[in-house]
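Take a look at the structure below.
Numbering (the working numbering), first residue to last: 61 to 262.
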């Protein structure tokens with residue numbers, strides 16, 4: 061069997077979840093490289109080796125497709141940075157940031173695509189992105205509220221929410237620049253972000 065036919069046969073045997081994951085991975089790469097309006101569904105289908113009709117079977121519209129890309133990346137980030145119950149924030153901050161930076165390195169396309177969503181002209185897409193950011197914010201605030209050093213009142217304090225929101229924006233900017241420049245080292249980026257969070261919530 062010719063190599064290209066073998067590849068097509070292999071692709072046709074993907075399970076529903078594998079196929080969906082394949083399409084989202086292609087979407088993450090394309091959305092990370094180009095603005096939302098310049099990514100064409102036909103190109104996604106071509107790269108994935110599927111028909112446009114099959115892609116639309118999984119994602120009825122381009123908006124649904126991009127929302128799924130953003131949603132998957134958000135879920136990954138939340139899983140990787142979930143707080144460990146009963147462990148003080150200061151003790152687990154380094155490990156949590158290390159996991160986050162590992163995600164940024166391993167899933168660079170997805171990370172870039174996720175943060176391109178806020179610049180999309182489509183308001184529905186931007187709402188998906190902002191909901192994802194809000195979930196990250198809530199996760200951090202809940203971890204701080206569970207820590208006796210900060211206490212439950214911290215979670216609802218307006219200045220605390222503002223500090224965490226500002227830190228997320230700072231960390232995003234640092235990570236995007238880090239991916240672009242390839243420096244400084246990961247340990248230095250982790251320490252920079254850790255100090256920024258502790259300074260913001262002090």
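Quick reminder that beta carbons are idealized off the backbone N, C-alpha and C, glycines included.
Grab the span of the alpha helix (DSSP H) containing residue 216 for me, first residue to last.
-> Numbered from 1 along the chain shown, position 156 holds the residue referred to as residue 216. Taken as a continuous stretch (DSSP letters only), the alpha helix (DSSP H) holding residue 216 covers 213-216.
Residue nearest to residue 162 in terms of C-alpha spacing, selected from 140, 94 and 147 = Indexing the chain shown from 1 puts residue 162 at position 102. For residue 162, the nearest C-alpha among the options comes from 140.
Within the same chain, show all residues whose beta-carbon is closer than 6 Å to that of residue 188, passing over the 5 residues directly before and after it, in chain order.
-> Counting from 1 along the chain shown, the entry for residue 188 is found at position 128. Excluding sequence neighbours, residue 188 sits near 127 and 130.
Beta carbon of residue 236, beta carbon of residue 175: below 8 Å?
-> Residue mapping note: residue 236 aligns to position 176 of the chain shown, counting from 1. Residue mapping note: residue 175 aligns to position 115 of the chain shown, counting from 1. Cβ distance < 8 Å, so residue 236 and residue 175 count as in contact.
In terms of residues, what are the limits of the alpha helix (DSSP H) holding residue 160?
-> Against the chain shown, residue 160 aligns to sequence position 100. It spans 149-166 - the alpha helix (DSSP H) in which residue 160 sits, taken as one unbroken run.
Is there contact here, the segment 144-162 with the segment 200-214, by at least three beta-carbon pairs under 8 Å?
-> Segment contact: the segment 144-162 against the segment 200-214, three or more CB-CB distances shorter than 8 Å; contact assigned.
Return the CA-CA distance between residue 124 and residue 88, expressed in angstroms with no decimal places.
-> By one-based count along the chain shown, residue 124 stands at place 64. By one-based count along the chain shown, residue 88 stands at place 28. If you take the alpha carbons of residue 124 and residue 88, they lie about 13 Å apart.
Classify residue 207 as helix, strand or coil using the three-state DSSP reduction.
-> As a working mapping, residue 207 is identified with position 147 in the chain shown. Here residue 207 sits in coil by DSSP.
Rounded Cβ spacing between residue 153 and residue 254 (contact assumed at less than 8 Å) | Against the chain shown, residue 153 aligns to sequence position 93. Against the chain shown, residue 254 aligns to sequence position 194. With a Cβ gap of about 5 Å, residue 153 and residue 254 count as contacting.
Under the rule that 16 or more other beta-carbon atoms within 10 Å means buried, what is residue 167, buried or exposed?
-> Position 107 of the chain shown, counted from the start, is the residue given in the question as residue 167. Residue 167 should be labelled buried.
Residues of its chain near residue 260, where Cβ-Cβ distance is below 7 Å and the 5 sequence neighbours each way are ignored | Taking the chain shown and counting its residues from 1, one reaches residue 260 at position 200. 223, 226 and 227.
Measure the CB-CB distance between residue 221 and residue 158 and report whether it falls below 8 Å.
-> Translated into the one-based positions of the chain shown, residue 221 becomes position 161. Translated into the one-based positions of the chain shown, residue 158 becomes position 98. Taking 8 Å as the Cβ cut-off, residue 221 and residue 158 do not qualify as a contacting pair.
If residue 173 sits next to residue 186, beta carbons under 8 Å apart, how far is it from one beta carbon to the other, in whole angstroms?
-> What you label residue 173 is simply residue 113 of the chain shown in a count that begins at 1. What you label residue 186 is simply residue 126 of the chain shown in a count that begins at 1. Contact doesn't hold; Cβ gap of about 14 Å is too wide.
Tell me which same chain residues have a C-beta within less than 8 Å of the C-beta of residue 199, skipping the five on either side of it?
-> Working through the chain shown from its first residue, we reach residue 199 at position 139. Answer for residue 199: 138, 141, 142 and 143, listed in chain order.
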